[in-house]
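Just so you know, the sequence shown maps onto residues 886 to 1086 in this note's numbering. C-beta: ideal position from N, C-alpha, C; glycine also. Here the structure is a predicted model, which is why all the values come from computation and not from measurement.
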Amino acid sequence: MKTGTFIAIIGFTLAAGNAHATGDSAAGQAKAAACAACHGTDGNSANPEWPKLAGQHPKYVEKQLNDFRAGRRVNAMMSGMAGPLSETDMADIAAYYATRKRSGGFASEARVDLGKTIYKGGNARSGVPACMACHGPTGTGDPLGGIPALSGQHAKYVATQLYAFREGQRRNDLKAMMRDVARWMTKDEIEAVSEYIAGLH
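Spelled out as structure tokens, the structure:
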């Protein structure tokens, strides 16, 4: 990805307005009961294949639910769960998870150095930009731009999503930003940065 294009995309993302009203977290707690089996009662999933939703930005959660419902992001289980939800339901659920505290994770020491290098500096030779350019030095993301918080997320889930972006199986990223990043990443880089993100908190 060319640097100018990457910076322009970041600017577009950060300038994007919030298209959804603020949800009701109290109402969202009751509505999220159906989500607890996979994502945990407090949004911290026990299965590393399923994402932690605790502490995630509401705008991002709402977008993913809308994309699952509309078929822009493909997952049979999540499409079925999101299908009956109204816009208000999505906003309430997103607001609830935003109030929960995400549990920390642990990085594999064998991969932490490479993961840190990619996350903080990218790979100039292959054109992989630094992850922190969008997700921040500590993985907090950007709530207004809809860029997700990554810190403490399960390494297995992060790696699965990066592979999906790289192979074009996941296509709901703004302006193909994540596809453009992941397409240049090697398996070792994906696994290492995923481990680093898990320990980033």
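Query: CA-to-CA distance, Thr-1002 to Ala-911, given in whole angstroms; Result: 40 Å
Query: Supposed contact pair Ser-964 and Phe-953 - C-beta distance, whole angstroms, cut 8 Å; Result: 5 Å
Query: Reduced DSSP category for Asp-1073 - H, G, I as helix; E, B as strand; rest coil; Result: helix
Query: Whole-number beta carbon distance between Ala-992 and Pro-943, since they are thought to touch under 8 Å; Result: With a Cβ gap of about 27 Å, Pro-943 and Ala-992 do not count as contacting.
Query: Boundaries of the alpha helix (DSSP H) in which Glu-972 is found, first to last residue; Result: 972-983
Query: Range covered by the alpha helix (DSSP H) that runs through Lys-1041; Result: 1040-1051
Query: Limits of the alpha helix (DSSP H) - the one that Lys-948 falls within; Result: 943-955
Query: Selected residue, minimal CA-CA separation from Val-1078, among Glu-994, Ser-988 and Tyr-1004; Result: Tyr-1004
Query: Alpha helix (DSSP H) segment containing Gln-914, residue limits; Result: 910-916
Query: Touch test, the stretch 921-928 against the stretch 946-961, Cβ-Cβ under 8 Å, three pairs minimum; Result: no
Query: Alpha carbon of Tyr-1081 to alpha carbon of Gln-914, nearest angstrom; Result: 31 Å
Query: Inter-residue Cα distance where the pair is Ser-1011 and Gln-949; Result: 29 Å
Query: Span separating the alpha-carbon of Phe-897 from that of Arg-1055; Result: Because the pLDDT at Phe-897 is just 41, under 50, the model does not fix this residue reliably, and the value given afterwards should be weighed accordingly. Cα to Cα, the separation comes out at about 21 Å.
Query: Member of Tyr-945, Glu-1074 and Ala-917 whose CA lies at the smallest distance from the CA of Asp-1027; Result: Tyr-945
Query: When Leu-1029, Pro-1014, Ala-918 and Cys-1016 are compared against Gln-1095, the one with the closest alpha-carbon; Result: The requested residue 1095 is not part of the displayed model; the chain covers only 886 to 1086.
Query: Reduced DSSP secondary structure (H/G/I, E/B, other) of Gly-1084; Result: coil
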